[in-house]
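These notes concern the structure reproduced below.
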């Protein structure tokens, strides 16, 4: 291996994939950490993983494969012991006679190939795949269930031995035992790999169910025996600095951890139920947490309006939608766009999810009466240019926000309404004077999140009559596409057909007509009709565009824009 490293690095420089300075940095890091060339290269992220793989394939004459396009039979998976698969990040792909094709990201580990040959009795042929693909495939075929099952069995064995010896072990001690720590780490780290936003650990009468929320949808991943739950809860309380002895009252905590060199904030909520303490953990990935405006999913017209709005010197921008519709993400994207040393930006949030440089962020704290309204009063004494109010919940907060806009500040905030037009009537219902609403609201954006079709298994298909009718109800022109798309399901998307999410939006920028309607207390239906006349695309019309473009599906747009939302 040592002999191949210099030539490998030099070849990468010759090919223009690395600079000489980067190669020296890799070699220095290898010397410091005693890690392999590939591991250091991956850690420093100098080359895209797929580009490096293609380079190796070309130089070594080893075929490159897309694991997500493979369907591996159970009898092939059974050839390699699971501990070997997980430890060395390899995956058996195909067996032909006495030859076994194994996917690996490290073709230089010849000792591993020899071990596989001895353990299986097969001749081993290598195929190259990225480590992330192999890891994803391992979790797909073996799943977090396998890891958890092993740990659960280990812990149950220990509990049995303890019971036989009649030794009483306090909960606090149990929570610190290695198997419990490993179980909690596995639950959280796998949730991060799966792109989950939340982990739900829910006790039932005789077991505890673990579920992940991925792309807005909850799915069960495993369960474990009820007797282990107190240890899991205690471990979470310990790392979140919560009261380990308190089990009758709800508790909220927060902890920062690191998994696979990625910082992760965990927001922990613990609530007592009839079957035990229920855990919900929100995962806030601090890398790439704040999206650029272009990644939100707005079309060109809406994006142009949005950019123009957030650069205005005063007024109010309102983002509306139900919980989980991505309002906070849009607010952070807007703040990040206008954030610079020349602007004094202050926020008051509940909770502060991501910390932004140069931005003064305040956390609402009801225990000391630090409410949105009280915090806003203090913010106005801090000479702000831009104020972000996490949510306008009451008349007091609305009044202060509007006064801030009238006195030369720009205010970003959110409202819980079903569409953009309803924002005007919601403020009026709170008791805000109509002339204040009409004169300060600069822009209202309603949004939802839809799951996007997996790029690995995306394909066109003929529409059914029912789908055609649904599409017709979304289109304002009546013009239908020649084809639409969906995902067939693959390893990349864990057989769901979806991977990732995008926003759909409707945007109102009040003109003189809409301001007069707000002043006259017109209904939200009347305001919406006028906005459509003026060119506003509704949420469903924006969803229609994304269906036609192959971004999402009919089912997703209908789900996200259902009348009940």
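Residue numbers (my numbering): 2 to 566. Glycine residues also receive a C-beta, built at the ideal position from the N, C-alpha and C atoms. A quick note: this is a predicted structure, and the numbers were derived from the prediction, not measured.
Original post:
Buried or exposed: residue 72, going by 16 or more other Cβ atoms within 10 Å of its Cβ?
Top reply: exposed
**OP:** Would you kindly check if the distance between the Cβ of residue 282 and the Cβ of residue 189 is under 8 Å?
**Re:** yes
Original post:
I think residue 198 touches residue 284, with their Cβ atoms under 8 Å apart; what is that distance to the nearest whole Å?
Top reply: 6 Å
Subject >> With 16 other Cβ atoms within 10 Å as the buried cut-off, status of residue 526 >> reply: exposed
**OP:** Determine the direct distance from the alpha carbon of residue 425 to that of residue 516, and round the result to whole angstroms.
**Re:** 10 Å
Original post:
Where residue 49 and residue 37 are concerned, what is the direct C-alpha to C-alpha distance, given to the nearest angstrom?
Top reply: 17 Å
Original post:
Skipping 5 residues on each side, what residues in its chain have a beta carbon closer than 8 Å to that of residue 67?
Top reply: 130, 134 and 457
**OP:** Have a look at residue 343 and residue 442 and give me their C-alpha separation to the nearest angstrom.
**Re:** 24 Å
**OP:** Starting from residue 279, trace the beta strand (DSSP E) both ways and give me its first and last residue.
**Re:** 277 to 286
**OP:** Rank 234, 60, 556 and 312 by C-alpha distance to the C-alpha of residue 498 and give the top, closest one.
**Re:** 556
**OP:** Indicate the three-state DSSP secondary structure (helix, strand or coil) for residue 12 in the structure shown.
**Re:** helix
Original post:
Do the region 506 to 520 and the region 417 to 432 meet, that is, are 3 or more Cβ pairs less than 8 Å apart?
Top reply: yes
**OP:** For residue 25, name the three-state secondary structure that DSSP assigns.
**Re:** helix
Subject >> Residue nearest to residue 548 in terms of C-alpha spacing, selected from 108, 491, 270 and 473 >> reply: 473
**OP:** Pull up the distance between the alpha-carbon of residue 248 and that of residue 513, whole angstroms please.
**Re:** 57 Å
Subject >> Local conformation of residue 39 per DSSP, three classes >> reply: helix
Original post:
Helix, strand or coil: which one does DSSP assign to residue 423?
Top reply: helix
**OP:** Take residue 373 as the anchor and find which of 356, 358, 355 and 395 has the nearest alpha-carbon.
**Re:** 395
Subject >> Same chain only: Cβ atoms within 8 Å of residue 295, ignoring 5 sequence neighbours per side >> reply: 304
**OP:** Compute the Euclidean distance between the alpha carbons of residue 485 and residue 553, then round it to the nearest angstrom.
**Re:** 9 Å
Original post:
Whose C-beta lies closer than 7 Å to the C-beta of residue 107 among residues of the same chain, with five residues either side of it excluded?
Top reply: 39
Original post:
Quick one: what's got a C-beta closer than 7 Å to residue 381's C-beta in the same chain, skipping five residues either side?
Top reply: 405
Original post:
Just how far apart, CA to CA, sit residue 168 and residue 33?
Top reply: Note that residue 168 scores a pLDDT of 39, beneath 50, so its modelled location is shaky; the value from the coordinates is reported in the next line. Approximately 46 Å between the Cα atoms of the pair.
Original post:
In chain order, what residues of the same chain lie with their CB nearer than 7 Å to the CB of residue 322, ignoring the 5 residues before and after it?
Top reply: 328, 447, 448 and 449
Subject >> CB-CB length for residue 142 against residue 78, believed under 8 Å >> reply: 6 Å
Original post:
So, are the CB atoms of residue 317 and residue 412 less than 8 Å apart?
Top reply: yes
Original post:
Just curious, the beta strand (DSSP E) that residue 411 is in, first and last residue?
Top reply: 411 to 416
Original post:
From this set, 206, 218, 220 and 231, which residue's C-alpha is nearest residue 185's C-alpha?
Top reply: 231
**OP:** Measure the beta-carbon distance from residue 433 to residue 399 and round it to whole angstroms, keeping in mind my assumption that it falls under 8 Å.
**Re:** 5 Å
Subject >> Where residue 528 falls, given that 16 or more other Cβ within 10 Å makes a residue buried >> reply: buried
Original post:
Should residue 45 be labelled buried (16 or more other beta-carbon atoms within 10 Å of its own) or exposed?
Top reply: exposed
Original post:
So, helix, strand or coil for residue 518, using DSSP?
Top reply: helix
**OP:** For residue 214, count neighbouring Cβ atoms within 10 angstroms of its own Cβ and tell me buried if that reaches 16, exposed if not.
**Re:** buried
**OP:** Work out the CA separation of residue 238 and residue 272 for me, nearest whole Å.
**Re:** 12 Å
Subject >> Residue from 333, 241, 92 and 383 whose Cα sits closest to the Cα of residue 102 >> reply: 92
Original post:
Closest by CA to residue 57, which one among 320, 105 and 29?
Top reply: 105
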